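Residue numbers (full-length UniProt numbering): 1 to 168. Below you'll find the structure, written out as structure tokens, and then a few comments.
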Amino acid sequence: MTLITIPKNASTEAKLQALVDENQIVDAIHRYTAGLDFGDADLLESALTEDATVDLSLAMAKIGYEFPPLTPRSTIMGGLLPAVGPLDTSHRISNVRVAITGDTATLTCYAQAQHYLPGHGPKPEETRQALMMNRYQAELVRSRDSWRIQTLLIDNAWFSGDPTILIG
């Protein structure tokens, strides 16, 4: 569930637009994670502005790795998709909060991500995995056809498993 504040005296049109915007903003974070889960470059790219920055440095430092912020979108695509796309992985988004100001928005949420080596996820006997609960804070902007992530800061709340799965 997401929560936005809509003034009580807002027009019906303004209320409807706020709900449409909220839905599109949440969809951007789902496009981002689904793009990684399915190794879908078009879907991942559709979630990001051309000058986007994804900063995993806080999350990765907590599990013992240095990882610089990735920018622009082409660097994000070249860095994350080859690393995460081949894995048997799934992201679950929860506790979503959205604040909209004109054509910009802030989204915070949790993203729980389960990672297995390629082809190992469906095997019941497989125990080597990496499970992360991350906090996402995203700044988004309205584009012509949708909302897109301009900056995404990822911090780790907790981790379980083998971190080497994440770095190949």
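Note that the Cβ used here is the ideal one computed from N, Cα and C, for glycine as well. Since we're looking at a predicted model, the values are computed, not measured.
In this structure, Y136 and T108 form a Cβ contact; the two beta carbons are roughly 7 Å apart against a cut-off of 8 Å.
With respect to S160, L131 sits close: the two C-beta atoms are nearer than 8 Å.
Judged by pairs of C-beta atoms under 8 Å, the region 56-70 does not touch the region 87-95, as fewer than three such pairs exist.
Between P86 and G39, the gap from beta carbon to beta carbon is short of 8 Å. Secondary structure in the UniProt domain "SnoaL-like" (18-151): the beta strand (DSSP E) runs of 3 residues or longer, each lying completely within the stretch, are 48-55, 88-101, 104-116, 130-142 in chain order.
In the three-state DSSP reduction, A14 falls in the helix class (H, G or I). If the five residues before and after E45 are omitted, its C-beta is found closer than 8 Å to the C-beta atoms of G35, R73, M77, all from its own chain and listed in chain order.
Residue pairing by DSSP places N9 in no beta bridge whatsoever.
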